Amino acid sequence: MNWFVSTGSRPPAPVRLFCLPYAGGGASVFRRWQQGLGPDVEVLPVQLPGRENRITEDPRFDVADVAAAIATRAEPPYAIYGHSMGGRVAFEVVRELCRTGAPLPLRLYVGGARAPHVTATGLFDGLSRVDDAELLRRLADGGGLPAELLNHPELVELLLPLLRADLGRVDGYRYVPGEPLPVPIVAFSGVRDRAVAREHSAAWAEHTAAGFTLHEIGGGHFFLLDQLDELLAAIRADLAAVVAA
């Protein structure tokens with residue numbers, strides 16, 4: 001199985017960035033990142049099962065498998081970005097990399113994601129336990145689905161099993177306390193995010209022993225879609241500084 005979607009043949013870059021999507025998302029979420037980050041960063045989106053070119057696979061996955069796949073391509077230096085569900089997946093991936101002794105990332109970037117220990121609920125919590133109509137309505141209301149998609153029932157039917165699997169993962173997540181990561185964490189919080197409060201993004205500081213930074217990005221929960229330039233500018237500057245250091 002292929003866990004990664006290549007952005008095409010290109011010269012080697014000084015740093016590689018693995019990207020993990022939000023619930024229901026696939027690698028195509030990051031299709032504009034390579035152009036936006038430029039030649040000094042190789043963007044390598046992770047394609048989780050059950051979506052896009054892996055649509056025929058069971059959408060449930062094990063974090064250990066994701067970590068093992070990343071470890072095969074984790075030639076230092078590299079970093080990981082995860083958005084919403086992908087943020088907590090990325091955190092657990094780095095924990096698994098620590099446990100297995102694999103090379104660790106320079107940075108863990110998390111966007112629109114509550115810190116792992118935070119149990120407060122928000123706009124997108126509990127969706128795995130509501131009916132299809134309520135699930136779709138709340139996702140569309142929060143910007144998690146294009147409203148026009150609801151006019152195409154055949155697409156909705158294809159997407160629902162993936163959404164339910166991912167949202168079940170979100171609702172079923174239980175943080176197991178452990179040592180803070182030996183990896184710096186950079187968190188991004190949308191100023192109009194109705195799903196994740198700023199203080200719940202700031203709480204990621206408790207999960208690193210190597211330094212924490214919080215950036216506020218214009219936009220709501222899905223600022224990686226509508227405020228991409230601002231987000232990528234922050235990541236690009238941070239990676240350039242850490243690679244040069």
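UniProt numbering puts the sequence shown at residues 1 to 245. The beta-carbon is built from N, C-alpha and C at its ideal position, and this holds for glycine as well. This one's a predicted model, so the numbers in the text were calculated from it and none came from an experiment.
Worksheet item: Is it true that the segment 137-145 meets the segment 101-117, where meeting means three or more beta-carbon pairs spaced less than 8 Å apart?
Response: No contact exists between the segment 137-145 and the segment 101-117.
Practice prompt. My understanding is that V118 touches V89, with C-beta atoms under 8 Å, so please give their C-beta distance in whole angstroms.
Written response: No, V118 and V89 are not in contact; Cβ-Cβ is about 16 Å, not under 8 Å.
Worksheet item: Cβ of residue 259 within 9 Å of Cβ of L20?
Response: No answer is possible for residue 259: the residues shown for the chain start at 1 and end at 245.
Worksheet item: Once you ignore the five residues that flank G178 on each side, which residues in its own chain have a CB closer than 7 Å to its CB?
Response: Spatial neighbours of G178 in its own chain (CB-CB distance under 7 Å, excluding positions within 5 residues in sequence) are listed in chain order as R95.
Fill in: Distance between N151 and P77 (C-alpha atoms, nearest Å)
Distance from the CA of P77 to the CA of N151, rounded to the nearest whole angstrom, comes to 44 Å.
Worksheet entry | Inter-residue Cα distance where the pair is L97 and Q47 | Rounded to the nearest angstrom, the two C-alpha atoms are 18 Å apart.
Discussion item. Taking DSSP's pairing of strands, which residues face T213 in a bridge?
Written reply: Beta-bridge analysis with DSSP links T213 to V186.
Discussion item. So, under 8 Å CB-CB, L37 and I185 are touching, yes? Tell me the CB distance rounded to an integer number of Å.
Written reply: With a Cβ gap of about 19 Å, L37 and I185 do not count as contacting.
Fill in: Run of the beta strand (DSSP E) containing residue 251, from where it starts to where it stops
One cannot answer for residue 251 here, as it falls past the ends of the chain, which runs 1 to 245.
Item to complete: Go through its chain and collect everything with a Cβ distance to D132's Cβ below 7 Å, but skip five positions before and after it.
Response: The residues L160, in chain order, have a CB closer than 7 Å to that of D132 in the same chain once the five nearest residues on each side in sequence are set aside.
Discussion item. Threshold first: 4 residues or longer. Then list the alpha helix (DSSP H) segments lying entirely within the segment 16-53, N to C.
Written reply: Within the segment 16-53, the alpha helix (DSSP H) runs of at least 4 residues that lie entirely inside it are, in chain order, 33-37.
Worksheet entry | Collapsed DSSP secondary structure at residue 315 in the structure displayed | In the structure as shown, the chain starts at 1 and stops at 245, and residue 315 therefore has no counterpart that could be examined.
Worksheet entry | Own chain partners of R32 with C-beta closer than 7 Å, once the 5 adjacent residues on each side are dropped | Taking R32 as the centre and dropping the five residues before and after it, the same chain places the C-beta of L228 closer than 7 Å to its C-beta, in chain order.
Practice prompt. Just grab the DSSP bridge partners of I80 for me.
Written response: Its beta-bridge partners are F18 and L108.
Discussion item. In the DSSP output, which residue or residues are listed as bridge partners for T208?
Written reply: DSSP, once it has assigned bridges, lists L181 as partnering T208.
Discussion item. Bridge partners for F4 per DSSP, in chain order?
Written reply: Answer by DSSP bridge pairing, in chain order: V46.
Item to complete: Label S189 either buried or exposed according to how many other C-beta atoms from any shown protein chain fall within 10 Å of its C-beta, with 16 as the threshold for buried.
Response: So S189 counts as buried.
Worksheet item: The alpha helix (DSSP H) with I235 in it runs from where to where?
Response: Here the alpha helix (DSSP H) through I235 covers L228 to A244.
Fill in: C-beta contact flag for R54 and G24 at 9 Å
For R54 and G24, no; Cβs fall outside 9 Å.
Practice prompt. Within 10 angstroms of the Cβ of D193, are there 16 or more other Cβ atoms? Answer buried if so, exposed if not.
Written response: Flag for D193 reads buried.
Item to complete: Can you have a look at E206 and say buried or exposed, based on whether 16 or more other CB atoms are within 10 angstroms of its CB?
Response: Label assigned to E206: exposed.
Item to complete: Kindly list the residues whose CB is nearer than 6 Å to the CB of G26, restricted to its own chain and excluding five residues on each side of it in sequence; keep chain order.
Response: Once the five neighbours on either side are set aside, the close Cβ partners of G26 are R51 and E52.
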